[in-house]
Every structure is written in C-alpha cells, then in structure tokens.
Amino acid sequence: MNNRVRELRSANGWSQAELAERLAVSRQTVNAIETGKYDPSLPLAFTIARLFGLPIETIFDPDA
Amino acid sequence: MGSLKCYLRDVGPASLTYFASVGAAALLSRDLEPGLLRLAVAALPLPAIVWMAIAEIRRLRRRDELRQRIELETMTIAFAVSFGVITALTFIGFYGAIEIPFAIAVVIMAASWTGAQIWVRTRYRYWWFQSNEDGR
C-alpha cells in the first residue's frame, strides 16, 4: 500500500522522530510506514490522518 | 529510560524468582526419594514461569504496534521451525540408530527464536540498539 506520509512529514518540517513522538510510536514504525514495509493499523492510520488534517484515503492508497 | 532498565523493571523480579526457585528445587530435590514430595519440589519453578510469561505479555502489550508485529511474526516462525525440526528429530530418534537427547529441544527452540528475530528485524530494519523509545 502506497502512502504520502514522508511527503506530508517533510511538508511540515518534521523529522521521523518528531512525527513518531506525535503519533506515540517508535521512529522505526514511522520509517517502516514511509518505506512501505509496514501498513499501519486502522487506529494509527486514523491518528496520522487526523494529525495531518486530511481524509485517510488521501494519505493511504490501497490500490497502489 | 533505557531499554535494559525497562526490561529489568518489567521482567526482572519474575526472572529472579524463577532462577531462585530453580536453584531451590535443584538443591532440595537432591536428597529426596522419588515420590510426591520430590514431584512437588520439582514443580517449585512453575508459578515463577507463569509470572514470567505474564510479565512478558504485559511488556509486549506496552510496545508500539510494529514491535508487536515483529514479536508475533518471530513467534510464529520460531514455533513452526522448531516444531518441524523437533518432530523430525523425534522420528529419527524412533527409527534411526542415533540417540537424540530431549534437552536438545530447548536449544532448537532458542536457536529458532534467535534466527527468526534476526530475519524479521532485518526485514523491517528494526535493530536492537534503536529500540529504546518503542514503549508507550
């Protein structure tokens, strides 16, 4: 599943560690999501969407 | 808090109790004749094993979700591998000429778990020394 997490994080000027702290997960989790190695759980995906103020489907693309 | 300190806080008391009860059981059972009393003494570490399991599960539930995923995948792979190897060795022991000691099962389980940890962590690029901040 493709996602725009890296792009949105960079646009906000946050490091992976800063985003991880805001999401209450480890930096490795953020890295694994950004590189597409790990698809987040539904609660975490909603937290990410809420943090960036965007609908979940504009961040995560299940068809890619 | 460092990961070793966290680990010792969460699992340390249970582990110490386990090692103490194993030592006590070994010492006490030396002079006992086979029977119910010796069986009861040999079972001394069981409550500590249950405590350790509960402590480990509680600790795992506080980790972040990728870490939980890694542990789940590791346990799944390690169980499958060790079960297969131990079953194969059991049959070799039954029908083959070689005698395989039962204690080898513990080594196989530990080796399977270690191998699976390395494989899964490599896949997610999640190394031991980067995991200080993965507790909630």
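Line order of the protein sequences matches chains A and B.
Read in order, the letters of the first sequence are residues 71 to 134 in my numbering.
Read in order, the letters of the second sequence are residues 8 to 143 in my numbering.
We put the CB at the ideal spot given by N, CA and C, even for glycine.
Source: prediction; values computed, not measured.
Within chain A, the residues placing a beta-carbon under 8 Å from that of Tyr-131/B are Gln-98, Ala-102, Lys-107 and Tyr-108, ordered along the chain. Annotation: Leu-121/A has no Cβ neighbours in chain B at a cutoff of 9 Å; minimum Cβ distance is about 16 Å.
Inter-residue distance for Ile-103/A and Val-75/A is about 8 Å (C-alpha atoms, whole angstroms). Among the residues facing chain B, Ser-80/A is not included, as its CB has no counterpart in that chain under 7 Å away. Annotated three-state conformation of Arg-37/B is coil, per DSSP. Listed along chain B, no residue sits closer than 9 Å to Val-75/A by beta-carbon distance, the nearest being about 14 Å off. For Ser-85/A, there are no neighbours in chain B by C-beta distance under 8 Å, as the nearest C-beta there is about 13 Å away. Within chain B, not a single residue places a beta-carbon under 7 Å from that of Leu-124/A; the smallest gap is close to 21 Å. Beyond the five residues adjoining it in sequence on each side, Leu-39/B comes within less than 8 Å, by CB distance, of Arg-45 and Val-48 in the same chain, given in chain order.
Within chain A, the C-beta atoms nearer than 8 Å to that of Glu-72/B come from Val-95, Thr-99, Pro-110, Ser-111 and Leu-114, in chain order. With the criterion set as a beta carbon lying under 8 Å from some beta carbon of chain A, the members of the stretch 73–84 of chain B are Leu-73, Arg-74 and Arg-76, in sequence order. Less than 7 Å separates the beta-carbon of Ala-21/B from that of Met-59/B. Asp-131/A is bridged by DSSP to Asn-72/A.
Under the 8 Å Cβ criterion, the stretch 110–122 of chain A counts as touching the stretch 79–98 of chain A, having at least three qualifying pairs.
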